[in-house]
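I have placed the structure first, in the form of structure tokens, so that the comments after it can refer back to it.
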Amino acid sequence: MNCKLSILFSTIYVVFGAWPVFGEAKHLGVAGKLYQVVEPDIATELEQQAVAKNHVEEDEFLDRVRTYQPEDLHPLPRATEDRTFLVDMTYTLDQDLVDGNGKVIYPRGFTFNPLDYVSFPGGLLVIDGDDPSQIKWFRQTPYATNHKVRLLLAGGYAFQLTEQLKRSVFYLVDEIAERLQLAAAPSLVIQKNNMLQVREFFVPQERTTEENDASR
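Just add 97 to wherever you are in the sequence shown, counting from 1, and you've got the working numbering.
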């Protein structure tokens, strides 16, 4: 993804008026050498300062975009084994659900499963974007080219991985992680009838170059 920023520059024009000359001018000769005026044009100088300032502001903005993470980002530990479990999405209302006229549609205590009414197509996959092993593993899975599967990050930066993987990347936040009972990464969440299936994958952690050198 290419981040394009439109910057509007205001050009400042400074108009100098000519001083009026009263009386008749006389040539009084030349004393000493003549030198060309080399002071910069004030309008050009101010415009250059404005451009430089906007470049700094653009760089600062891009830095914030590149390093953005939500405050409720939910980190997950690395999965230590392959594991699969089901999550019941049944929900109980903790207050009355009313329409625009205040009429109760569903009372407090009403229990329902949203998957009885809507589907969860594609599913979602959670990885730790700070873990090169998990990124490499994701690239080798069929989910890497399946854009119906949403990719969520439990760590790392979405901006960076969006460019690397050429696909949309989202963040895993506390509310989603807790509702889906996510406990480790990578995790794949797909619908199974009226429940959600969470599948954790054990991905061996690759050793760094320094670790390989130290073991020799």
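Even glycine gets a Cβ: it sits at the ideal position worked out from N, Cα and C.
- Separation of Val184 and Glu275 (C-alpha to C-alpha, rounded to the nearest whole angstrom) is 11 Å.
- If only complete runs of 4 or more residues are kept, the segment 183-243 shows the alpha helix (DSSP H) at 229-236, in order along the chain.
- The three-state reading of DSSP puts Arg161 in helix, counting H, G and I together.
- Across the structure, Leu248 and Tyr214 are spaced so that their CA atoms are roughly 24 Å apart.
- For Asp225 against Leu173, the beta-carbon gap comes to about 7 Å, under 8 Å, which counts as contact.
- C-alpha of Thr238 to C-alpha of Leu277: approximately 22 Å in a straight line.
- Counting C-beta pairs with one atom in each stretch, the segment 284-294 and the segment 253-262 have fewer than three that are closer than 8 Å, which means they do not touch.
- DSSP places Ala282 in the strand class (E or B) of the three-state scheme.
- Membership of Leu249 in any alpha helix (DSSP H) is not indicated; the residue belongs instead to the beta strand (DSSP E) covering Arg247 to Leu250.
- In the three-state reduction of the DSSP assignment, Arg264 falls in the coil class, being assigned neither a helical nor a strand state.
- CA-to-CA, the gap between Asn198 and Leu285 works out to about 41 Å.
- Taking C-alpha positions only, Val295 is separated from Phe217 by approximately 13 Å.
- Under the DSSP assignment, Glu275 falls in the alpha helix (DSSP H) whose first and last residues are Asp271 to Arg276.
- Excluding the 5 residues flanking it on each side, Leu190 has same chain C-beta neighbours closer than 7 Å at Tyr203, Arg205, Gly206 and Phe207, in chain order.
- For Gln302, there is no enclosing beta strand (DSSP E), as DSSP marks it with neither H nor E.
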